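Q: My structure is below; once you've seen it, I'll send some questions.
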Amino acid sequence: MSLSESIVDTFTGWAAKAPGAPLEPHSYDPGPLGAEEVEVAVEYCGICHSDQSMIDNEWGNARYPFIPGHEVVGTIVRLGEQARGLKLGQRVGIGWYKGSCMHCGSCMEGSHNLCRTVKPTIVGSNGGFADRLRSHWAWAVALPDGLDPALVGPLFCAGSTVFSPLLEFNVKPTDKVGVVGIGGLGHLALRFLNAWGCDVTAFTSSLSKQDEAKSLGAHKVVASTDSAAMKAIAGSLDFLLVTASADLDWNALLGTLKGKGRLHFVGIVPSAIPVHVFSLIPQQKTLSGSPVGSPASMATMLEFCARHQILPQVEHFPMSKVNDAIDHLRAGKARYRVVLDASK
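Take any residue in the sequence shown, count from 1 to its spot, add 14: that is its number in the working numbering.
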């Protein structure tokens, strides 16, 4: 593709025109390419529950018409004059964030994801259910060889969200780690932790998922609703990763941790967490949470995935059937992520 062919005046995608409305074709003028921006021709884009939340304006911050999509894989077709480290034709991924200030303390220490002015890909702007998307060059993360671009999209949101805590909290291969929830986030957490070398316990509300959890990497499966089973593993875990989005018995889950154990949230649970400090202080336990990872941690995750051939379990829909794909997600039928093919 020549430079003249790569410059287009409008981007076209699939937009909701009102909260909860079906998506329909919509074109918009992206304006001039920023000096530090890259423009990506979208090849694949995952669908996340956050896209559904934004379509429905559950968080009250959606602006319509609104084009969702923040698990983008594509090739670079334009580079701003100050973009660094990337080249035309290179395949990259863009996730929940697409920009940060690059000069605050968080950015300077490599925690770009904690920048106070970090720019979400679909909050206040249009996302990747479209033919093109722009981001700051630092947030367009190059794909290593050996990863199927048709499958890798969900790693840039779900994957990064569950991988980043392993780095941030120094989870060791000798640790015993639990994962609460076996879904879009949880199935990747199980695969990561198994390859990381950990002893992995999956917590589920139903033991009907036991065989599936073990096939994904769990060594043990515990029903979180079984009080006897929960007591049997009390004080055994070093780290417990909550990927579920439901209200659970948090004190019982805290009870599964060893001294200095950590209960860490990456799933958005609906209610406040009613935990008394006496559940934390005597054994120096910790409650924490984290967002999607930094660009550096994403690059590390991708290298880890390439080495161990860890990829999301996905179902594909043509971009032209995006509303069918969203209905599939709404119905809770996705196993475990949905990816849109932009060429179809």
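Where a beta carbon is used, it is the ideal one built from N, C-alpha and C, also for glycine.
Please read these numbers as outputs of a predicted model, since none were measured by experiment.
(1) What residue does the alpha helix (DSSP H) around Leu100 start on, and which one ends it?
(2) Provide the residue span of the beta strand (DSSP E) that contains Ser41, from first to last.
(3) Does DSSP classify Val283 as helix, strand or coil?
(4) For Val291, does the count of other Cβ atoms within 10 angstroms reach 16, so buried, or fall short, so exposed?
(5) In the DSSP assignment, find the unbroken beta strand (DSSP E) run with Asp252 in it and report its ends.
(6) Taking the straight line between their C-alpha atoms, what separation do you get for Ser149 and Val166?
(7) Between the C-alpha atoms of Trp151 and Lys347, what's the straight-line distance to the nearest angstrom?
(8) Going by the DSSP bridge assignment, what does Asn53 pair with across the sheet?
(9) Taking DSSP as the reference, what is the three-state secondary structure of Gly119?
(10) Residue range of the beta strand (DSSP E) that Ala260 falls in?
(11) Give a yes or no on whether the C-beta atoms belonging to Cys59 and Val91 are separated by under 9 Å.
(12) Over what stretch of residues does the beta strand (DSSP E) that includes Val214 continue unbroken?
(13) Excluding the five sequence neighbours on either side, which residues of its own chain have a C-beta within less than 8 Å of the C-beta of Ser64, listed in chain order?
(14) If Val249 and Lys274 are in contact, beta carbons under 8 Å, what's the gap, nearest whole angstrom?
(15) According to the Cβ coordinates, are Thr257 and Gly173 closer than 9 Å?
(16) From Gln323, Pro284, Phe331, Lys101, pick the residue whose C-alpha is nearest to that of Leu202; which is it?
(17) Kindly give me the distance between the Cβ atoms of Ser311 and Ser178, rounded to whole angstroms, as I take these residues to be in contact under 8 Å.
(18) Give the straight-line distance between the Cα atoms of Ser41 and Ser139, rounded to the nearest whole angstrom.
(19) Keeping to the same chain, check which residues put their C-beta closer than 8 Å to that of Ile21; ignore five residues upstream and five downstream.
(20) Looking only at its chain, what residues have a beta carbon closer than 6 Å to the beta carbon of Gly200, apart from the 5 residues adjacent to it on each side?
(21) Who does Trp28 pair with in a DSSP beta bridge?
(22) Based on DSSP bridge pairs, tell me the residues matched to Ile61.
(23) Since Leu147 and Pro326 should fall inside the 8 Å C-beta cutoff, what is the C-beta to C-beta distance between them, to a whole number of angstroms?
(24) For Val280, which option in Ser293, Pro296, Leu267, Gly307 has the closest C-alpha, if you only look at C-alpha atoms?
(25) Less than 6 Å between C-beta atoms, sequence neighbours within five positions excluded: which residues of the same chain meet that for Thr314?
(26) Taking one C-beta from the stretch 118-125 and one from the stretch 65-82 each time, how about it: are there three or more such pairs within less than 8 Å?
(27) For Phe80, which of helix, strand or coil comes out of DSSP?
(28) May I have a chain-ordered list of the beta strand (DSSP E) segments no shorter than 3 residues that lie completely inside the stretch 267-313?
(29) Under the rule that 16 or more other beta-carbon atoms within 10 Å means buried, what is Glu51, buried or exposed?
(30) Which one or two residues does DSSP pair with Lys190 in a beta bridge?
(31) Using DSSP with H/G/I as helix, E/B as strand and the rest coil, what is Ala345?
(32) Going by Cα to Cα distance, which pick from Gly94, Tyr78, Asp23, Asn75 is closest to Gly48?
(33) Following the continuous beta strand (DSSP E) through Val328, name the residue where it begins and the one where it ends.
A: Here's the rundown:
(1) Where Leu100 is concerned, there is no enclosing alpha helix (DSSP H), given that its DSSP letter is neither H nor E.
(2) 37-42
(3) coil
(4) exposed
(5) 251-256
(6) 18 Å
(7) 35 Å
(8) With the sequence shown as reference, residue 53 is identified as Glu, and Asn is not the correct amino acid for it. Paired residue(s): Arg92, Arg148.
(9) helix
(10) Per DSSP, Ala260 belongs to no beta strand (DSSP E) and is neither H nor E.
(11) no
(12) 213-218
(13) His84, Trp110, Ile136, Cys171
(14) Note that residue 249 corresponds to Gly in the displayed sequence, not to Val. With 8 Å as the limit, Gly249 and Lys274 do not qualify as a contact, their Cβ atoms being about 12 Å apart.
(15) no
(16) Gln323
(17) 5 Å
(18) 13 Å
(19) Arg92
(20) Val193, Thr257
(21) Pro39
(22) Val352
(23) 20 Å between Cβ atoms; not a contact.
(24) Gly307
(25) none
(26) no
(27) strand
(28) 271-279, 300-303
(29) buried
(30) Asp213
(31) coil
(32) Gly94
(33) 328-332
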